[in-house]
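Chemist:
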Amino acid sequence: MVKKVGKYEIGKTLGEGTFGKVKYAVNTETDERVAIKVLDKEKIQKQNMGAQIKKEISIMKMVRHKHVVVLREVLASRTKIFIVLELITGGELFDKIVSEGRFGEETARFYFRQLVDGVQYCHESGVCHRDLKPENLLLDENGDLKISDFGLSALYEGGGPDGPESSRASLLHTTCGTPNYVAPEVLADKGYDGRAADVWSMGVILYVLLAGFLPFDEPTMSALFRKIQKAEFSYPSWFTPRVKALLNRILVPEPEMRIMIKEILQDEWFTNAYDDNDQVTPVAGPGTVSDELADAPVPNPVDHMTIKPSQADLDAAIQEHQDEINCDKKDKLDGGLKVMNAFDLINMCGGMALNRMFQSNDEKRVKRSTQFTSTIPAASIMTRLTGHLENLHCEITVENSSKVKAVLQTPKGAVGVVIQIFMLADSLHLVEVRRGKGDIFEYHKFYTQLNEQMKELIAPSGSS
Numbered sequence: 001m002v003k004k005v006g007k008y009e010i011g012k013t014l015g016e017g018t019f020g021k022v023k024y025a026v027n028t029e030t031d032e033r034v035a036i037k038v039l040d041k042e043k044i045q046k047q048n049m050g051a052q053i054k055k056e057i058s059i060m061k062m063v064r065h066k067h068v069v070v071l072r073e074v075l076a077s078r079t080k081i082f083i084v085l086e087l088i089t090g091g092e093l094f095d096k097i098v099s100e101g102r103f104g105e106e107t108a109r110f111y112f113r114q115l116v117d118g119v120q121y122c123h124e125s126g127v128c129h130r131d132l133k134p135e136n137l138l139l140d141e142n143g144d145l146k147i148s149d150f151g152l153s154a155l156y157e158g159g160g161p162d163g164p165e166s167s168r169a170s171l172l173h174t175t176c177g178t179p180n181y182v183a184p185e186v187l188a189d190k191g192y193d194g195r196a197a198d199v200w201s202m203g204v205i206l207y208v209l210l211a212g213f214l215p216f217d218e219p220t221m222s223a224l225f226r227k228i229q230k231a232e233f234s235y236p237s238w239f240t241p242r243v244k245a246l247l248n249r250i251l252v253p254e255p256e257m258r259i260m261i262k263e264i265l266q267d268e269w270f271t272n273a274y275d276d277n278d279q280v281t282p283v284a285g286p287g288t289v290s291d292e293l294a295d296a297p298v299p300n301p302v303d304h305m306t307i308k309p310s311q312a313d314l315d316a317a318i319q320e321h322q323d324e325i326n327c328d329k330k331d332k333l334d335g336g337l338k339v340m341n342a343f344d345l346i347n348m349c350g351g352m353a354l355n356r357m358f359q360s361n362d363e364k365r366v367k368r369s370t371q372f373t374s375t376i377p378a379a380s381i382m383t384r385l386t387g388h389l390e391n392l393h394c395e396i397t398v399e400n401s402s403k404v405k406a407v408l409q410t411p412k413g414a415v416g417v418v419i420q421i422f423m424l425a426d427s428l429h430l431v432e433v434r435r436g437k438g439d440i441f442e443y444h445k446f447y448t449q450l451n452e453q454m455k456e457l458i459a460p461s462g463s464s
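The UniProt record's numbering numbers the first residue of the sequence shown as 1 and each following residue consecutively.
1) Going by DSSP, what residue range makes up the alpha helix (DSSP H) through residue 465?
2) Could you tell me if residue 185 is buried or exposed, where buried requires 16 or more neighbouring beta carbons within 10 angstroms of its beta carbon?
3) What residue range is occupied by the uninterrupted beta strand (DSSP E) comprising residue 94?
4) Assuming residue 83 and residue 74 make a contact with CB atoms under 8 angstroms, what is their CB distance in whole Å?
5) Cβ of residue 139 within 9 angstroms of Cβ of residue 101?
6) Counting C-beta neighbours from all protein chains within 10 Å, is the total for residue 364 16 or more, i.e. buried, or is it exposed?
7) Under 9 angstroms, do residue 219 and residue 411 count as touching if we go by C-beta distance?
8) Beta-carbon separation of residue 246 and residue 269 under 9 angstroms?
9) Could you check whether residue 454 and residue 418 sit closer than 9 angstroms to each other, using their CB atoms as the reference points?
10) Hey, how far is the Cα of residue 103 from the Cα of residue 181?
11) Quick one, which of 33, 145 and 261 has its alpha-carbon nearest residue 95's?
12) I need the boundaries of the beta strand (DSSP E) containing residue 137, first residue and last residue.
13) At which residues does the beta strand (DSSP E) containing residue 81 begin and terminate?
14) Would you say the region 29-41 touches the region 103-114, given that touching needs at least three Cβ pairs under 8 angstroms?
15) Residue 373 and residue 429: beta carbons closer than 9 angstroms?
16) Under a Cβ-count criterion, where at least 16 other Cβ atoms within 10 Å of its own Cβ denotes burial, should residue 16 be classed as buried or exposed?
17) Count Cβ pairs between the region 253-266 and the region 189-199 that sit closer than 8 angstroms; are there 3 or more?
18) Whose C-beta lies closer than 8 angstroms to the C-beta of residue 386 among residues of the same chain, with five residues either side of it excluded?
19) Between 456, 442, 449 and 452, which has its C-alpha nearest residue 214's C-alpha?
20) Which of helix, strand or coil does DSSP assign to residue 458?
21) Could you have a look at residue 424 and say whether DSSP puts it in helix, strand or coil?
22) Buried or exposed for residue 354, going by 16 or more other Cβ atoms inside 10 Å?
23) Am I right that residue 70 and residue 64 are in contact with their C-beta atoms under 8 angstroms? What's the rounded C-beta distance?
24) Mind checking who residue 429 pairs with in its DSSP beta bridge?
25) Within its chain, find whatever has a CB closer than 7 angstroms to the CB of residue 208; leave out the 5 residues flanking it on each side and keep chain order.
26) Would you kindly check if the distance between the Cβ of residue 195 and the Cβ of residue 257 is under 9 angstroms?
27) For the candidate residues 413, 244, 457 and 81, whose alpha-carbon lies nearest to that of residue 210?
28) Straight-line CA distance for residue 68 to residue 4?
29) Would residue 408 pass as a contact of residue 415 if the rule is Cβ separation under 9 angstroms?
30) How many angstroms separate the CA atom of residue 188 from the CA atom of residue 379?
31) Is residue 172 helix, strand or coil when you go by DSSP?
32) For residue 450 and residue 237, what's the separation of their Cα atoms in angstroms?
33) Considering only their Cβ atoms, is the gap separating residue 206 from residue 216 smaller than 9 angstroms?
34) What is the C-beta distance between residue 147 and residue 191, in whole angstroms, given that I count them as a contact (C-beta under 8 angstroms)?
35) Could you give the distance in angstroms between the alpha-carbon of residue 113 and the alpha-carbon of residue 38?
36) Between the C-alpha atoms of residue 230 and residue 271, what's the straight-line distance to the nearest angstrom?
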């Protein structure tokens with residue numbers, strides 16, 4: 001039976017996060033493919049569902065910017081919250097970073113410009129992000145940046161009844177176990193300017209784009225807090241003087257001394273991206289960048305105008321709905337091996353080209369979801385997979401005969417993986433390895449080890 005929430009037919013899981021899953025879905029009225037975040041209400045502080053979150057959701061439903069993921073609507077049932085978003089099919093920017101090692105300066109500047117462009121627009125519309133991190137930086141089919149989760153951070157933030165420690169614990173929980181991208185004033189758990197906090201996070205992201213690793217990365221949380229609060233970090237030898245000068249103005253502990261976006265736009269390193277000879281094709285994403293996107297950002301008709309939602313907009317920000325879907329229960333009850341036809345394959349790709357799903361076995365890129373085919377019987381695949389996961393000291397949960405979840409404890413918190421087997425033909429299976437929650441750099445290390453052990457399962461090219 002097809003699962004539905006209102007006018008949306010719910011499909012496969014695209015990803016998993018701290019508070020719930022992201023599902024592929026189709027609008028039955030328009031045939032538009034969307035992504036729906038399914039959040040458990042019990043995992044979200046109820047006091048954060050008040051006026052502020054409704055205001056920000058109302059604004060984001062009206063925002064249209066080429067580098068911001070469109071928020072279609074938010075539905076709420078008795079136990080769930082459904083956030084309906086534009087479907088972005090190019091994966092995560094940071095998957096490409098861990099694959100490439102690091103970006104060259106021109107490519108890093110290309111994506112940083114797009115990040116600044118999107119964040120500036122939302123700030124001018126009256127919304128701050130407050131939780132910029134790798135999972136929120138996506139790529140569309142052309143390889144251009146799309147920022148996700150603007151206006152939704154209040155859903156995840158703490159500030160509970162137990163005071164600062166409750167809020168701090170929630171913050172760490174929502175940043176995949178580490179606050180590496182969070183501004184010092186946010187960690188201090190005091191009032192802060194969301195715009196300045198976003199600028200700090202963008203500075204950390206720029207550093208990672210160029211370095212391939214974090215500026216603040218300590219083995220203990222207390223040491224990490226101290227380094228962030230003092231902005232103690234060093235630059236790799238390949239960082240140029242101009243980009244170091246920019247980062248020295250961004251990664252400043254005192255928010256009132258930190259430059260804002262308007263000053264970033266005038267920075268010498270940043271403006272170099274507008275040179276005619278500085279055209280860049282992104283290394284990430286299947287497409288290429290058009291010439292017009294290498295020019296200065298295109299002004300939006302409502303730039304420099306704060307969007308003011310009406311009372312009707314506020315009332316309709318979160319629509320109450322009766323539909324419920326229990327993703328976990330459905331998965332656990334379905335113990336049989338799923339047989340996939342061509343339409344299932346298309347849905348599995350979320351509308352992407354099929355040839356992107358069957359990638360060469362020697363490709364090193366680590367994605368949110370990776371698939372390979374195997375001619376080994378499903379039961380044998382599952383036995384070998386669980387054995388490999390045990391060898392890596394994972395905590396394993398076998399959901400059914402074709403699905404297993406694993407969690408590995410790392411110095412930066414737990415990282416998760418979900419592996420599911422699908423039948424394509426009598427002697428051919430598709431194995432999907434999907435990243436769960438956790439630090440992307442730690443996951444990359446884990447996946448590299450797992451991938452080495454899984455090589456024996458992969459069917460030779462041309463198998464059928």
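Glycine is no exception: its CB is placed at the ideal position from the N, C-alpha and C atoms.
Modeler: Considering the structure as presented:
1) This structure gives no information on residue 465, because the portion of the chain shown stretches from 1 to 464.
2) Here residue 185 is taken as the residue at index 185 of the sequence shown, counted from 1. Flag for residue 185 reads buried.
3) Taking the first residue of the sequence shown as 1, we reach residue 94 at position 94. No beta strand (DSSP E) contains residue 94, which is instead part of the alpha helix (DSSP H) from 93-100.
4) Walking along the sequence shown from the start, residue 83 turns up at place 83. Walking along the sequence shown from the start, residue 74 turns up at place 74. 5 angstroms between Cβ atoms; contact.
5) Along the sequence shown, one-based indexing puts residue 139 at 139. Along the sequence shown, one-based indexing puts residue 101 at 101. The Cβ atoms of residue 139 and residue 101 do not sit closer than 9 angstroms to each other.
6) For this step, residue 364 is matched to residue 364 along the sequence shown. With a pLDDT of 35 at residue 364, under the threshold of 50, the modelled position of this residue cannot be trusted; read the value that follows with caution. It is exposed - the Cβ of residue 364 has fewer than 16 other Cβ atoms within 10 Å.
7) In the sequence shown, the residue the question calls residue 219 occupies position 219. In the sequence shown, the residue the question calls residue 411 occupies position 411. Going by beta carbons, residue 219 and residue 411 fall inside the 9 angstroms limit.
8) For the purposes of this step, residue 246 is taken as residue 246 along the sequence shown, with counting starting at 1. For the purposes of this step, residue 269 is taken as residue 269 along the sequence shown, with counting starting at 1. The Cβ atoms of residue 246 and residue 269 sit closer than 9 angstroms to each other.
9) What you label residue 418 is simply residue 418 of the sequence shown in a count that begins at 1. What you label residue 454 is simply residue 454 of the sequence shown in a count that begins at 1. No. Outside cutoff.
10) In the sequence shown, residue 103 corresponds to position 103, counting from 1. In the sequence shown, residue 181 corresponds to position 181, counting from 1. C-alpha separation (whole angstroms): 19 angstroms.
11) As a working note, residue 95 is residue 95 in the sequence shown. Looking at 33, 145 and 261, the one whose alpha-carbon comes closest to that of residue 95 is 145.
12) On the sequence shown, position 137 is the one that residue 137 refers to. Residue 137 -> beta strand (DSSP E) spans 137-139.
13) Walking along the sequence shown from the start, residue 81 turns up at place 81. Residues 80-86.
14) With the rule of 3 Cβ pairs closer than 8 angstroms, the region 29-41 does not count as touching the region 103-114.
15) Walking along the sequence shown from the start, residue 373 turns up at place 373. Walking along the sequence shown from the start, residue 429 turns up at place 429. Yes, the pair counts as a contact, with Cβ atoms nearer than the cut-off.
16) Working through the sequence shown from its first residue, we reach residue 16 at position 16. Under the 10 Å beta carbon count, residue 16 is surrounded by 16 or more other beta carbons and is classified as buried.
17) Contact between the region 253-266 and the region 189-199 is present, because at least three Cβ pairs lie under 8 angstroms.
18) Locating residue 386 in the sequence shown gives position 386, where the first residue counts as 1. Around residue 386: 396, 398 and 404.
19) As a first step, residue 214 is located in the sequence shown; it is residue number 214 there, counting from the start. Nearest C-alpha to residue 214: 442.
20) The residue you call residue 458 lines up with position 458 of the sequence shown. DSSP places residue 458 in coil when its eight states are reduced to three.
21) Position 424 of the sequence shown holds residue 424. When DSSP states are grouped into helix, strand and coil, residue 424 belongs to the strand group.
22) One-based indexing of the sequence shown puts residue 354 at position 354. Residue confidence for residue 354 is low, a pLDDT of 32 falling below 50, so the modelled location carries little weight and cannot support an answer.
23) Indexing the sequence shown from 1 puts residue 70 at position 70. Indexing the sequence shown from 1 puts residue 64 at position 64. Your pair residue 70 and residue 64 checks out as a contact, with CB atoms roughly 7 angstroms apart and the cut at 8 angstroms.
24) On the sequence shown, residue 429 is found 429 positions in, with the first residue counted as 1. Residue 429 is bridged to 374 and 423.
25) One-based indexing of the sequence shown puts residue 208 at position 208. Excluding residues within five positions, the ones whose Cβ falls inside 7 angstroms are 97 and 214.
26) In the sequence shown, residue 257 corresponds to position 257, counting from 1. In the sequence shown, residue 195 corresponds to position 195, counting from 1. Residue 257 is not a Cβ neighbour of residue 195, given a cutoff of 9 angstroms.
27) What you label residue 210 is simply residue 210 of the sequence shown in a count that begins at 1. Checked all of 413, 244, 457 and 81; the closest Cα to residue 210 is 244.
28) Indexing the sequence shown from 1 puts residue 68 at position 68. Indexing the sequence shown from 1 puts residue 4 at position 4. In this model, residue 68 and residue 4 are separated by some 26 angstroms (Cα to Cα).
29) As a position in the sequence shown, residue 408 is number 408, starting the count at 1. As a position in the sequence shown, residue 415 is number 415, starting the count at 1. Yes; because the gap between Cβ atoms is below 9 angstroms, this pair is in contact.
30) Against the sequence shown, residue 188 aligns to sequence position 188. Against the sequence shown, residue 379 aligns to sequence position 379. Take the alpha-carbon of residue 188 and the one of residue 379: they are about 51 angstroms apart.
31) In the sequence shown, counting from the first residue as 1, residue 172 sits at position 172. With a pLDDT of only 40 at residue 172, under the threshold of 50, the placement of this residue in the model should not be trusted, and no figure is reported.
32) As a position in the sequence shown, residue 450 is number 450, starting the count at 1. As a position in the sequence shown, residue 237 is number 237, starting the count at 1. One alpha carbon belongs to residue 450, the other to residue 237, and they sit about 32 angstroms apart.
33) Taking the sequence shown and counting its residues from 1, the one referred to as residue 216 is at position 216. Taking the sequence shown and counting its residues from 1, the one referred to as residue 206 is at position 206. Note that the C-beta distance between residue 216 and residue 206 is not below 9 angstroms.
34) Stepping through the sequence shown from its first residue, residue 147 is reached at position 147. Stepping through the sequence shown from its first residue, residue 191 is reached at position 191. The Cβ separation is near 24 angstroms, so there is no contact.
35) Along the sequence shown, read from residue 1 onward, the residue named residue 113 stands at position 113. Along the sequence shown, read from residue 1 onward, the residue named residue 38 stands at position 38. If you take the alpha carbons of residue 113 and residue 38, they lie about 31 angstroms apart.
36) Position 230 of the sequence shown holds residue 230. Position 271 of the sequence shown holds residue 271. Approximately 28 angstroms, taken between the alpha carbons.
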